[in-house]
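Student: With the first letter of the sequence shown counted as 1, position 572 gets the number 572 in the UniProt record's numbering; the numbers rise by one all the way through.
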Amino acid sequence: MTAPHPADTHDRIRVQGAREHNLKDVSVDLPKRRLTVFTGVSGSGKSSLVFATIAAESQRLINETYSAFVQGFMPSQSRPDVDVLEGLTTAIIVDQERMGANPRSTVGTATDVNAMLRIVFSRLGSPRIGSPNAFSFNVASISGAGAVTLEKGGTTVKERRSFEILGGMCPECEGRGTVSDFALDELYDADKTLTEGALKVPGFSMDGWYGRIFAVMVPMDTPIRDFTDEQLHVLLHNEPVKVKADGVNVTYEGLIPRIQKSMLSKDREAMQSHIRAFVDRAIVFTACPSCDGTRLNETARSSKIRGLSIADACAMQISDLAEWVREIDDPGLAPLIEKLLDTLDSFVQIGLGYLSLDRPAGTLSGGESQRTKMIRHLGSSITDATYVFDEPSIGLHPHDIQRMNQLLLRLRDKGNTVLVVEHKPEMIEIADHVVDLGPGAGAQGGEICFEGSVAALRESGTRTGIHLDDRAQLKPETRTGSGSIAVRGADRHNLQGIDVDVPLGVLCVVTGVAGSGKSTLIHGYVSPQEGVVAVDQGAIKGSRRSNPATYTGLLDPVRTAFAKANGVKPALFSANSEGACPECKGAGVIFTDLGMMATMESPCEVCEGKRFAAEVLEYTLGGKNIAEVLDLSMADAREFFAGGESKVPKAAKILDRLVDVGLGYLTLGQPLSTLSGGERQRLKLAIHMIEDADVYVLDEPTTGLHLADVELLLGLLDRLVDAGKSVIVIEHHQAVMAHADWIIDIGPGAGQQGGTVVFEGTPQDLVAGKATLTAQHLVEYVGAA
Numbered sequence: 001m002t003a004p005h006p007a008d009t010h011d012r013i014r015v016q017g018a019r020e021h022n023l024k025d026v027s028v029d030l031p032k033r034r035l036t037v038f039t040g041v042s043g044s045g046k047s048s049l050v051f052a053t054i055a056a057e058s059q060r061l062i063n064e065t066y067s068a069f070v071q072g073f074m075p076s077q078s079r080p081d082v083d084v085l086e087g088l089t090t091a092i093i094v095d096q097e098r099m100g101a102n103p104r105s106t107v108g109t110a111t112d113v114n115a116m117l118r119i120v121f122s123r124l125g126s127p128r129i130g131s132p133n134a135f136s137f138n139v140a141s142i143s144g145a146g147a148v149t150l151e152k153g154g155t156t157v158k159e160r161r162s163f164e165i166l167g168g169m170c171p172e173c174e175g176r177g178t179v180s181d182f183a184l185d186e187l188y189d190a191d192k193t194l195t196e197g198a199l200k201v202p203g204f205s206m207d208g209w210y211g212r213i214f215a216v217m218v219p220m221d222t223p224i225r226d227f228t229d230e231q232l233h234v235l236l237h238n239e240p241v242k243v244k245a246d247g248v249n250v251t252y253e254g255l256i257p258r259i260q261k262s263m264l265s266k267d268r269e270a271m272q273s274h275i276r277a278f279v280d281r282a283i284v285f286t287a288c289p290s291c292d293g294t295r296l297n298e299t300a301r302s303s304k305i306r307g308l309s310i311a312d313a314c315a316m317q318i319s320d321l322a323e324w325v326r327e328i329d330d331p332g333l334a335p336l337i338e339k340l341l342d343t344l345d346s347f348v349q350i351g352l353g354y355l356s357l358d359r360p361a362g363t364l365s366g367g368e369s370q371r372t373k374m375i376r377h378l379g380s381s382i383t384d385a386t387y388v389f390d391e392p393s394i395g396l397h398p399h400d401i402q403r404m405n406q407l408l409l410r411l412r413d414k415g416n417t418v419l420v421v422e423h424k425p426e427m428i429e430i431a432d433h434v435v436d437l438g439p440g441a442g443a444q445g446g447e448i449c450f451e452g453s454v455a456a457l458r459e460s461g462t463r464t465g466i467h468l469d470d471r472a473q474l475k476p477e478t479r480t481g482s483g484s485i486a487v488r489g490a491d492r493h494n495l496q497g498i499d500v501d502v503p504l505g506v507l508c509v510v511t512g513v514a515g516s517g518k519s520t521l522i523h524g525y526v527s528p529q530e531g532v533v534a535v536d537q538g539a540i541k542g543s544r545r546s547n548p549a550t551y552t553g554l555l556d557p558v559r560t561a562f563a564k565a566n567g568v569k570p571a572l573f574s575a576n577s578e579g580a581c582p583e584c585k586g587a588g589v590i591f592t593d594l595g596m597m598a599t600m601e602s603p604c605e606v607c608e609g610k611r612f613a614a615e616v617l618e619y620t621l622g623g624k625n626i627a628e629v630l631d632l633s634m635a636d637a638r639e640f641f642a643g644g645e646s647k648v649p650k651a652a653k654i655l656d657r658l659v660d661v662g663l664g665y666l667t668l669g670q671p672l673s674t675l676s677g678g679e680r681q682r683l684k685l686a687i688h689m690i691e692d693a694d695v696y697v698l699d700e701p702t703t704g705l706h707l708a709d710v711e712l713l714l715g716l717l718d719r720l721v722d723a724g725k726s727v728i729v730i731e732h733h734q735a736v737m738a739h740a741d742w743i744i745d746i747g748p749g750a751g752q753q754g755g756t757v758v759f760e761g762t763p764q765d766l767v768a769g770k771a772t773l774t775a776q777h778l779v780e781y782v783g784a785a
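1) For residue 141, which residues of its own chain have a beta-carbon under 6 angstroms away from its beta-carbon, when the five flanking residues on both sides are left out?
2) Return the CA-CA distance between residue 704 and residue 63, expressed in angstroms with no decimal places.
3) Using C-beta distances below 6 angstroms, list every residue in its chain close to residue 20, excluding the 5 sequence neighbours before and after it, in chain order.
4) Checking the sheet assignment: what are the DSSP bridge partners for residue 604?
5) Under DSSP, the beta strand (DSSP E) around residue 696 begins and ends at which residues?
6) Considering residue 320, what are the terminal residues of the beta strand (DSSP E) in which it resides?
7) Which ranges does the beta strand (DSSP E) cover as unbroken runs of at least 3 residues, wholly within the segment 428-501, from first to last along the chain?
8) So does the segment 32-43 actually touch the segment 410-419, counting three or more Cβ pairs closer than 8 angstroms?
9) What do you get for residue 641, buried or exposed, if any count of 16 or more other CB atoms within 10 angstroms of its CB means buried?
10) Would you tell me roughly how many angstroms separate the C-alpha atoms of residue 529 and residue 285, rounded to the nearest one?
11) Measuring straight from C-alpha to C-alpha, what distance separates residue 5 and residue 87?
12) Can you name, in chain order, every residue of its own chain whose Cβ lies under 7 angstroms from the Cβ of residue 780, other than the five neighbours on each side?
13) If we ignore side chains and look at the alpha-carbon of each, how far apart do residue 410 and residue 425 end up?
14) Between the beta-carbon of residue 517 and the beta-carbon of residue 774, is there less than 8 angstroms?
15) Taking one C-beta from the segment 732-751 and one from the segment 474-494 each time, how about it: are there three or more such pairs within less than 8 angstroms?
16) Could you compute how far the alpha carbon of residue 761 sits from the alpha carbon of residue 725?
17) Per DSSP, what kind of secondary structure is residue 596 in: helix, strand or coil?
18) With a threshold of 8 angstroms on Cβ separation, who are the neighbours of residue 108 within its own chain once the five nearest residues in sequence on each side are excluded?
19) When you compare each of 40, 26, 22, 27 to residue 468 by their alpha carbons, which one comes out closest?
20) Looking only at DSSP bridge pairs, what is residue 508 linked to?
21) Report whether the distance from the Cβ of residue 242 to the nearest heavy atom of the ligand ATP is below 7 angstroms.
22) Along the chain, where does the alpha helix (DSSP H) containing residue 781 start, and where does it finish?
23) What's the call for residue 608, buried or exposed, on a 16-neighbour Cβ count within 10 Å?
24) To the nearest angstrom, how far is the alpha carbon of residue 365 from that of residue 520?
25) With distances taken between CB atoms, is the gap from residue 526 to residue 697 smaller than 8 angstroms?
26) Entirely within the segment 604-653 and at least 4 residues each: give me those alpha helix (DSSP H) ranges in chain order.
27) With distances taken between CB atoms, is the gap from residue 235 to residue 218 smaller than 8 angstroms?
28) Give me, in chain order, the residues of the same chain whose beta-carbon lies closer than 8 angstroms to that of residue 588; leave out the 5 immediate sequence neighbours on both sides.
29) Which whole-angstrom value describes the C-beta separation of residue 510 and residue 92, a residue pair presumed to lie in contact below a C-beta threshold of 8 angstroms?
30) Could you check which residue in 223, 228, 74, 753 has the C-alpha nearest to that of residue 494?
31) How is residue 25 classed by DSSP in three states: helix, strand or coil?
32) For residue 90, I'd like the list of residues in its chain whose CB is within less than 7 angstroms of its CB, leaving aside the five on either flank, ordered along the chain.
33) Taking the C-alpha atoms as reference points, what is the distance between residue 455 and residue 466?
34) Within this structure, are the beta carbons of residue 535 and residue 688 separated by less than 8 angstroms?
35) Give the straight-line distance between the Cα atoms of residue 560 and residue 383, rounded to the nearest whole angstrom.
36) Residues in its own chain within less than 7 angstroms of residue 373 by CB, not counting five upstream and five downstream?
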């Protein structure tokens, strides 16, 4: 192959023969120091090209510059499946992944603003209490003594010296700001006896062994209200103790330590829904009484600047904090104050001025997390880097998207290459270059359908080009509600004690700028209601062995059907159990550890990647073995299980829902790790639809959806409402607003400027009034239709 001219790699990133996931030998040249937007339906291969190929190889090459010793402590990365990758620069990934849920991580610590504030308070706070660590809730105060070795007059001597480390951590809550306890009325009904079923803890039935064990330790026929203090302690807190029940040696343990071990030690996402609901009810978190939730000890809170402690500063809305910092005048700290102000102003510019620095990082939405990560890079002096964004429009009101566009252009204009995976036309419009992948999703995608300018995209005839200027019309008629969920005096976070009736039996859309209080209102007051199922933006968790069939529970009835048809055990049809290939243990691949180099992954030669033992594949259902069934697409599998010898009604019902949400092209056995963000969101939606709830709450269901697929989503929502369900959607997409029967607009602004209901009514009334930011953007949207 001819070596490229130096100018080629100076001005462009060259990709040839990319085959990651569903990519089909993709070759493309991307202009450097330009903003390139990657479009295409969900699952078309956008993320596979941008993240799994270009960004992954850039990061792998950077890691290789470290010593072998250092690389041994870093996650191993294999080279992407691509023939040629040239012209790469340092890739900085700003993705949708939520920030870690570590309770010690806040908006301030995640962006280094806290670190800068600690320096300011250590220099200017009165009284002066010590170094910056004295203001850190992650550093404990420690005092003690120890031996040190010294050189004195050429002689080595040991001396014992005392020491003191002054940290800001509250000693009671250990810097977490909250203390937890159990709500006893959620553990038991005090008016009942244990025999009568007083315990409300899932799985603690007194009909079986639990009843026999408890009978040894506590009275079974006395109402719990009448227990002595000692009996109540034994019921709730008793440490594990060996007892003999019906002649058998068993272990008795109090309810609370048992719950802590069996339930609270598990990942919340891995819990069954009824267990998770119980835990949410039973565990009560309250502000630490010692530090009043600030995480800081009294000494740290005593030092103030112009009447404010560092805890006060971190509790302020960032836009207000920026104004307070702007008034600090100290020549010695001028460079630091300038850097601090630049960072705080970036929060405001990016539409996050409503946050506070003490906000736990784990509570940020996917869109808020992504924009918070951007803060680090906006003030950076680095140039000629490659910034990679995954749908930066997520969580943004049309009003906020305009500001996001300006930030992306700022990064480009500093001499950086900006690569953006995006669906929103408002963000596609600002691209210097567009790469459209498709034409379909999954096996039907993975090809370059178009590359060029936005104007040329409109004339290209591709699916994206055809739908780029789509605009929805307001519905001529809206449905009338059949009752409502009444919310009264809602005052959590920034809500201003609002009263609102959320209608049932209709498609109700809740709108407002980012941070206005939409999610707080709906998830805080509506989602906890009985009969309501909420589909949030939380990530799907699972191992590399997880796939749509295992995640949805589809595989359980399929295994049973295979077992019944062949007269064998269901466990044979699990690649994670008795049916696994003995060579690869059901993984389908063999991993070879190459020491300091990346672990090599290759298909198992025994099962040829099928994951099952050879004898298992001899059993069939409807003419197909279990591996062939897992290779079926959702749409084909629905037909397969709908009738004939392979009829499995439970599986067909689940597949109906998966096809309904537009996932018919995925295969049953496709690893969850290969699904795009939009695919994972719709998979969760399908699972909740299987639960057959009365009221569905959806949080930005258009996330990850191509322009052409939004219409399919609206059809699905209509079918749910027409079937007698109530659908409540938190959404920014104007097409969803235009399609609503009822709109609740929260605002008028974000943070302290939000938290009120600025409009309730039909989309027609909202457009006619033109009184809110949402109304103005919806008028512009439907006016262009």
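C-beta: ideal position from N, C-alpha, C; glycine also. In this text the structure is predicted, and so the values were computed from the model without any measurement.
Tutor: So, from the listed chains and residues:
1) 166, 167
2) Rounded to the nearest angstrom, the two C-alpha atoms are 30 angstroms apart.
3) 48, 52, 53, 80, 81
4) Its beta-bridge partners do not exist; DSSP assigns none.
5) 695-699
6) Element bounds for residue 320: not the beta strand (DSSP E) but the alpha helix (DSSP H), 318-326.
7) 433-438, 447-452, 484-490
8) Pairwise C-beta distances place the segment 32-43 in contact with the segment 410-419, as three or more of them are shorter than 8 angstroms.
9) buried
10) 20 angstroms
11) Low per-residue confidence applies at residue 5: pLDDT is 46, beneath 50, and the placement is therefore not dependable, though the value from the model is reported in the following sentence. So the two alpha carbons sit approximately 11 angstroms from each other.
12) none
13) 19 angstroms
14) no
15) Proximity of the segment 732-751 to the segment 474-494 meets the contact definition, three or more beta-carbon pairs being nearer than 8 angstroms.
16) 20 angstroms
17) Reliability of the predicted coordinates at residue 596 is poor, the pLDDT of 43 falling under 50, and no value is obtained from them.
18) 114, 117, 314, 357, 358
19) 40
20) 728, 742
21) With respect to the ligand ATP, the structure shown offers nothing to examine, as it has no ligands at all.
22) Run containing residue 781: 773-783, per the alpha helix (DSSP H) assignment.
23) exposed
24) 12 angstroms
25) yes
26) 626-630, 634-640
27) yes
28) The beta carbon of residue 588 sits closer than 8 angstroms to the beta carbons of 575, 581, 603, 604, 607, 609, 610, 611 from its chain, once the five residues preceding and following it are set aside; these are given in chain order.
29) Rounded, the Cβ-Cβ distance is 34 angstroms, inconsistent with contact.
30) 753
31) Residue 25: coil per DSSP, three-state reduction.
32) Contacts found: 58, 62, 385, 386.
33) 12 angstroms
34) yes
35) 58 angstroms
36) Cβ contact annotation for residue 373 (same chain, cutoff 7 angstroms, sequence separation greater than five): 94, in chain order.
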